[in-house]
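S.K.: Structure incoming, see below.
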Amino acid sequence: MGEVVSAEKKGKAKADMIGDESVYLDTEYLNGGQIVKVNAVKDTYLDDVIILWDGSQAGTLYYGFEGALGSTLKAYTISESSLFIYQQLKSRQQIIYEKYRTPNIPHVIKTFLDEFGVYIPSLPEQKAIGDFFQTLDRSIALHQRE
16 MGEVVSAEKK GKAKADMIGD ESVYLDTEYL NGGQIVKVNA VKDTYLDDVI
66 ILWDGSQAGT LYYGFEGALG STLKAYTISE SSLFIYQQLK SRQQIIYEKY
116 RTPNIPHVIK TFLDEFGVYI PSLPEQKAIG DFFQTLDRSI ALHQRE
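Structural data, given as structure tokens:
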């Protein structure tokens, strides 16, 4: 996967940095919780792929958020279609949980970018596939709310 990552960011923001500069990106907010703002620079953007780096749900993926990245998360800036790469990772979420985490206190393994392979079709194909799965995800979410 390292071949499609142009930048990797480790979160530095913490909940006790409460302020009004940036949205605090932590798992509570990423999983539908309330917005909390912190005095930290926005370092993560809508097209970045976010991964929970440690904790019981280490390896969980997020996309479409911007703000100051929390300390248990990493964000990847993708050189290809980030939506396509996110959808590809998300489709293999269980594999990430099973094969790319440490056994005791769960952390994503340090060599994740080097070891995890992704399929890279042409950019137009990536965009079409990514858009298709995003539409499907939204449809599923809509039906689950009903």
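Going by the working numbering, the first residue of the sequence shown is number 16, and it counts up by one from there. We put the CB at the ideal spot given by N, CA and C, even for glycine.
(1) Where do the N-terminal and C-terminal ends of the beta strand (DSSP E) with glutamate 23 fall, by residue?
(2) DSSP three-state label for tyrosine 60, please.
(3) What does the alpha-carbon distance come out to for the pair isoleucine 66 and leucine 45?
(4) Within its chain, find whatever has a CB closer than 6 Å to the CB of phenylalanine 99; leave out the 5 residues flanking it on each side and keep chain order.
(5) Candidates Phe147, Gly70, Tyr39: which alpha carbon is nearest proline 139's?
(6) On the three-state DSSP scale, how would you describe tyrosine 77?
M.R.: In terms of the structure at hand:
(1) 20–25
(2) coil
(3) 11 Å
(4) Gln141, Ile144, Gly145
(5) Phe147
(6) strand
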